[in-house]
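**Q** No gaps in the numbering here: position 153 of the sequence shown is 170 in the numbering used here, and each next residue is one more.
Note that beta-carbon positions come from the ideal geometry of N, C-alpha and C, so glycine has one too.
This structure is in structure tokens; I'll ask about it shortly.
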Amino acid sequence: MPGTPSRITSSSREGNSRRLSGIGEKPSTTKRKVALAGAGTPSHRRSSMRVSILGSGLMGGKLGTIFARAGHEVVFSYARSTDKLKKLAGEAKGKARAGTPREAAQEADAILLAVHWSRIEDVLNQAGDLSGKVILTCCLPMDAGNTKLIIGTTTSGAEELAEKVPRSRVVAAFQTVPSEVLFGVFESKDKETRPSLVYCGDDKSGKAVAAELIRDAGFDPVDAGPLRIARYTEPFALLVAQLAYEGEGGPELAYRFERFGR
Numbered sequence: 018m019p020g021t022p023s024r025i026t027s028s029s030r031e032g033n034s035r036r037l038s039g040i041g042e043k044p045s046t047t048k049r050k051v052a053l054a055g056a057g058t059p060s061h062r063r064s065s066m067r068v069s070i071l072g073s074g075l076m077g078g079k080l081g082t083i084f085a086r087a088g089h090e091v092v093f094s095y096a097r098s099t100d101k102l103k104k105l106a107g108e109a110k111g112k113a114r115a116g117t118p119r120e121a122a123q124e125a126d127a128i129l130l131a132v133h134w135s136r137i138e139d140v141l142n143q144a145g146d147l148s149g150k151v152i153l154t155c156c157l158p159m160d161a162g163n164t165k166l167i168i169g170t171t172t173s174g175a176e177e178l179a180e181k182v183p184r185s186r187v188v189a190a191f192q193t194v195p196s197e198v199l200f201g202v203f204e205s206k207d208k209e210t211r212p213s214l215v216y217c218g219d220d221k222s223g224k225a226v227a228a229e230l231i232r233d234a235g236f237d238p239v240d241a242g243p244l245r246i247a248r249y250t251e252p253f254a255l256l257v258a259q260l261a262y263e264g265e266g267g268p269e270l271a272y273r274f275e276r277f278g279r
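Structure, rendered in structure tokens:
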């Protein structure tokens with residue numbers, strides 16, 4: 018979750034802003050677990066996607082690595098140095114490389130936007146025309162000091178982003194889990210029960226792309242509805258941050274929804 022309130026963790030402010038965007042157990046005989054929306058591993062998987070990572074912090078770096086190891090073509094972009102991008106690509110292995118935001122975005126089937134809210138305008142300018150592109154945003158609309166959300170209740174960061182790129186297909190995803198849990202979830206993706214991950218958006222085909230990438234990362238995708246639901250998922254991300262960085266047990270925290278009564 019790029020952009021995390023510094024007051025909820027004892028670590029450095031800079032580190033917190035990069036760590037957060039966004040537990041499975043076997044079914045028991047007394048309660049039934051259900052996939053709320055689009056959950057589980059699909060029987061038919063589309064061919065590998067070209068995924069552009071706009072942002073080289075913890076969320077962008079880790080998710081880009083995971084997507085590459087899941088078989089997608091990944092381009093890392095938007096960092097202070099090209100060396101950092103090359104290092105990320107080298108460590109990710111698979112079909113990963115470094116590039117500029119523009120070349121990464123123009124070639125992409127899906128774009129992951131993973132920057133601090135204060136960098137949104139700059140990264141969009143560098144990426145160029147994003148018409149028709151599927152954009153997954155894990156950005157939280159935090160202030161410069163990462164102390165509070167600066168957008169909320171009547172709109173959301175995801176909706177504001179969609180207004181900036183009106184011909185793109187924006188999906189809010191990966192905002193609600195800490196970066197520390199990502200590799201653990203990915204490495205456990207073959208388990209029968211997966212942690213949930215909520216996502217929302219207005220475009221059906223864009224959400225289908227997002228759901229596949231969420232599955233590839235090891236989560237069960239939970240379709241929360243239209244993009245305006247990000248008004249609720251973004252504050253929920255701060256609750257997860259509180260539990261991850263101030264609660265007992267450490268930040269490797271995920272969540273799962275269960276439905277009873279069916």
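Compare the C-alpha of Arg248 against each of Gly223, Leu157, Ser69 and name the closest.
**A** Arg248 has its Cα closest to that of Leu157, out of Gly223, Leu157, Ser69.
**Q** State the DSSP-derived secondary structure class of Leu75, mapped to helix, strand or coil.
**A** helix
**Q** Using a 10 Å radius around the Cβ and a threshold of 16 neighbouring Cβ atoms, would you call Arg97 buried or exposed?
**A** exposed
**Q** Thinking C-beta only, is Val202 closer than 7 Å to Gly235?
**A** yes
**Q** DSSP beta-bridge partners for Ile128?
**A** Ser69, Ile152
**Q** Please list the terminal residues of the continuous beta strand (DSSP E) segment that includes Arg184.
**A** Taken as a continuous stretch (DSSP letters only), Arg184 belongs to no beta strand (DSSP E), as it is neither H nor E.
**Q** Can Val151 and Ala121 be called in contact, C-beta distance under 7 Å?
**A** no
**Q** Where are the alpha helix (DSSP H) runs, 4 residues long or more, that stay fully inside the segment 88-123, in chain order?
**A** 99-109, 118-123
**Q** Quick one, are the C-beta atoms of Leu105 and Gly78 less than 7 Å apart?
**A** yes
**Q** Would you kindly work out how many angstroms separate the C-alpha atoms of Lys208 and Glu269, rounded to a whole number?
**A** 17 Å
**Q** Looking at C-alpha atoms only, which residue of Arg184, Tyr95, Cys155, Ala228 is the closest neighbour of Pro118?
**A** Tyr95
**Q** Pick from Pro183, Leu260, Ala179, Arg279: whose alpha carbon is nearest that of Ala347?
**A** The structure shown does not extend to residue 347, since the chain is modelled only from 18 to 279, so the question has no answer here.
**Q** From which residue to which residue does the beta strand (DSSP E) around Val239 run?
**A** 237-240
**Q** Using a Cβ-Cβ cutoff of less than 6 Å, which residues in the same chain neighbour Ala85 once the five nearest sequence positions on both sides are dropped?
**A** Val91, Ala109, Gly111, Ala113
**Q** With burial defined as no fewer than 16 other Cβ atoms inside 10 Å of the residue's Cβ, what is the status of Phe191: buried or exposed?
**A** buried
**Q** When the Cα atoms are used, what is the spatial distance from Arg186 to Asp219?
**A** 8 Å
**Q** Spatial neighbours of Glu124 within its chain, please: C-beta separation below 6 Å, excluding the five flanking residues on both sides.
**A** Correct list, in chain order: Arg67.
**Q** Are the Cβ atoms of Ile168 and Gly174 separated by less than 7 Å?
**A** Closer than 7 Å, so yes.
**Q** Which residues does DSSP pair with Ala213 in a beta bridge?
**A** Strictly speaking, residue 213 in this sequence is Ser, with Ala absent from that position. Answer is Asp237, Tyr272.
**Q** So the alpha helix (DSSP H) Ala258 belongs to, where does it begin and stop?
**A** Going by DSSP, Ala258 is part of the alpha helix (DSSP H) stretching over 247-263.
**Q** Looking at Thr193: is its Cβ nearer than 7 Å to the Cβ of Thr154?
**A** no
**Q** Answer yes or no: do Ser213 and Val239 have a C-beta to C-beta separation smaller than 7 Å?
**A** Pairing Ser213 with Val239 gives a Cβ-Cβ distance under 7 Å.
**Q** Please state whether DSSP places Ile147 in a helix, a strand or coil.
**A** One point to set straight first is that residue 147 is Leu, not Ile, in the sequence displayed. Residue state, collapsed to three classes: coil.
**Q** Where does Gly81 sit, in a helix, a strand or coil, going by DSSP?
**A** helix
**Q** Grab me the residues of Gly149's own chain with a C-beta within less than 8 Å of its C-beta, minus the 5 sequence neighbours each way, in chain order.
**A** Arg184, Ser185, Arg186
**Q** Given a cut-off of 7 Å on the beta-carbon distance, is the pair Ser205 and Leu75 in contact?
**A** no
**Q** What three-state label does DSSP hand Gly223 in the structure shown?
**A** helix
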